[in-house]
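So for the sequence shown, the numbering used here puts the first residue at 293; every next one is plus one. One structure below.
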Amino acid sequence: MQPVVSLDQMRTADEIAVALYGHDTLVERAGEAVAEFARELLGDAEHARVAVLCGPGSNGADGRVAARILREAGSLVEEYDADAIDGVIDDVDLVIDALFGTGLSRSVSTPLIADGIPVLSVDIASGIWGDTGEVLGHAIEADWTLAIQSLKLGHLLGAGPEHAGEIVVADIGIVVAPSMALLESDDRFHIDAKARDEHKWSVAVGMIAGSEGMEGAAVLCAQAAQRSGAGMVRLVTTAPSGASAWPLEAVRVHVDGEHLFQATMDLDRCHALVIGPGLGRGDAVGQAVRDIVAQRSVPVVLDADGLFAFDDIEQLSAGVGSCDAEVIITPHEGELARLLGSSLLADRVGQLRGIAAETGAVVLLKGPTTIVVAPEAIDGIDVLFCNAGDSSLATAGTGDVLAGIIGALLARGTSALYAAGIGALVHALGAQRSTSVLVASDLPYLVGEVMNEVLHGS
């Protein structure tokens, strides 16, 4: 995992480091890191033409140090102050953007850079707010960003990723105390491998999913859980029994909405429940979902129509708060806005932390960067990010697959925070293995390849 910090956390770390080493030392270290990375990009720094755009603060100071070092290495360097750039910057081999740092909080105008000129931004692309990724006025589009010491929220959220290019982190000796982390590919091995004595009921998942016309959601969810290591899937559904190519290995119970709650009593040997994919939205179904959540004895993944059963955050909080077993909710922005009764804030992390604290649930907000927030930290971490997915996942049914993955990880005994976060990671890594246009029914098998490496070490 890579640490991710807010601006307040970074300021605190900076203040401690300045007291230990002095401001000038830290600026020198940062400038050296920028110059070294620039030399790698240029290949041969001697006689390379470099434009360094320098702002008035520490970011600009880092750029001036880099300019000095590159000049000493034989590069032809021109420095430009923020208020003295006129026209389009062109006819150079590299632009180093050190205009405005992560703490920018006002609207700015950034210079025009000719198409095809490579740009390296120092810490963050100028014009991007470091805590939200919002564009403040106009922002530079970088090809690379050298993040000083740690990733910031603005690298991952909002428009930040579109302006960052490839992000590399430079360690300059500042000690950060992060409460957030970006999941990386190897973090999937946080999941325990299968034990030698594991049997089919060791990792059993109960599902309440599917309705007439929406059988596919239940099928995708069940297949994903199976391919993620569930030894048993028991599916309670309101869909007609002969309406779909149901997974052969899943045990099914077909009921009407009025008997949905009673049918879940047959799931007592399951170690996690997934509620909602394709379930439908009738009054009887909604009441059954609320009763199941309020009386649960095992962890629950609440997805799609399972979330729709709750009118608002207050009603959800009451249901989640009635029992100790963990709950994960997996909304996209529209679903969460409906529960809130308002649009989401630019400060996604702050808002999600508030929702997690109020409801007691782990909140997984789906998006280009998936955000997972827990009501309580584990080893100091309460927020996980996953940015391994891409737009190939923007197709019907992939959310049902994600819910199944998370359900299987919960049933294996993984904490809700990491079941949700690593579930999102495995989901994205599976999609990366697709060799054609992805449809959701491809995903369980691709996810199975990823999980085989985790569960069997192969």
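Note that CB positions come from ideal geometry on N, CA and C, so glycine has one too.
What span of residues does the beta strand (DSSP E) with residue i cover, start to end?
i: VAL528; result: 524-529
i: GLY498; result: 496-500
i: ALA346; result: As written in the sequence, residue 346 is Cys, which differs from the Ala given in the question. Taken as a continuous stretch (DSSP letters only), the beta strand (DSSP E) holding CYS346 covers 341-346.
i: SER413; result: 411-414
i: ASP389; result: 386-390
i: ALA451; result: Segment: none, ALA451 is in no beta strand (DSSP E) and carries neither H nor E.
i: VAL590; result: From DSSP, VAL590 is part of no beta strand (DSSP E); its letter is neither H nor E.
i: ALA564; result: 564-567
In the structure shown, what three-state DSSP assignment does residue i receive?
i: PHE677; result: strand
i: ARG544; result: strand
i: VAL467; result: coil
i: PRO295; result: strand
i: ALA337; result: coil
i: GLU490; result: coil
i: ASP373; result: strand
i: ALA406; result: coil
i: LEU438; result: strand
i: LEU475; result: coil
i: GLU458; result: strand
i: ALA330; result: helix
i: VAL731; result: coil
i: LEU559; result: helix
i: GLY429; result: strand
i: LEU318; result: helix
i: LEU599; result: helix
i: LEU368; result: strand
Can you give the Cα-Cα distance for residue i and residue j, rounded to whole angstroms?
i: PHE600; j: ILE416; result: 38 Å
i: ASP489; j: HIS430; result: 59 Å
i: VAL619; j: ARG303; result: 34 Å
i: GLY457; j: ALA439; result: 11 Å
i: GLU370; j: ALA390; result: 13 Å
i: VAL655; j: GLY366; result: 52 Å
i: ARG519; j: MET743; result: 7 Å
i: SER609; j: THR556; result: 22 Å
i: ILE308; j: ASP671; result: 22 Å
i: GLN607; j: ASP595; result: 16 Å
i: ALA723; j: VAL731; result: 9 Å
i: TYR313; j: GLU328; result: 21 Å
i: ASP267; j: GLN301; result: Outside the shown range of the chain (293 to 750) lies residue 267, about which nothing can therefore be said.
i: ASP375; j: ASP407; result: 22 Å
i: THR394; j: VAL718; result: 31 Å
i: VAL387; j: LEU404; result: 11 Å
i: ALA451; j: GLY749; result: 37 Å
i: SER533; j: ALA580; result: 20 Å
i: GLY613; j: ASP385; result: 59 Å
i: GLU332; j: ASN351; result: 20 Å
Between which two residues does the alpha helix (DSSP H) carrying residue i extend?
i: MET743; result: 735-747
i: LEU709; result: 708-724
i: ILE605; result: 605-613
i: LEU512; result: 507-519
i: LEU552; result: 552-555
i: LEU448; result: 445-448
i: ILE621; result: Not the alpha helix (DSSP H): ILE621 falls in the beta strand (DSSP E), residues 619-621.
i: SER350; result: 350-364
i: PHE481; result: Where PHE481 is concerned, there is no enclosing alpha helix (DSSP H), given that its DSSP letter is neither H nor E.
For the stretch 410-419 against the stretch 434-442, do three or more pairs of beta-carbon atoms, one drawn from each stretch, fall closer than 8 Å, so that the two count as touching?
The stretch 410-419, when compared against the stretch 434-442, does touch it at the 8 Å Cβ threshold.
For this session: Could you tell me whether the stretch 584-599 touches the stretch 561-568, using the rule of 3 or more Cβ pairs below 8 Å?
Result: They touch, by the three-pair rule.
Which parts of the stretch 623-707 are runs of the alpha helix (DSSP H), unbroken and 4 residues or longer, counting only runs that do not cross its ends?
Runs of the alpha helix (DSSP H) inside the stretch 623-707: 625-632, 640-651 and 690-703.
Review point. Any contact of the stretch 532-542 with the stretch 471-484, i.e. 3+ C-beta pairs under 8 Å?
Key: Output reads no: the stretch 471-484 does not touch the stretch 532-542.
Is there contact here, the stretch 691-705 with the stretch 508-524, by at least three beta-carbon pairs under 8 Å? As far as the Cβ criterion goes, the stretch 691-705 touches the stretch 508-524, which means the pair count is three or higher.
Quiz item: Can at least three beta-carbon pairs, one atom from the stretch 540-560 and one from the stretch 661-676, be found at a separation below 8 Å?
Solution: Here the stretch 540-560 makes no contact with the stretch 661-676; the two share fewer than three CB pairs at distances below 8 Å.
- Query: Taking contact to mean at least 3 C-beta pairs separated by less than 8 Å, is the stretch 335-346 in contact with the stretch 484-501?
  - Reply: No: fewer than three Cβ pairs fall under 8 Å.
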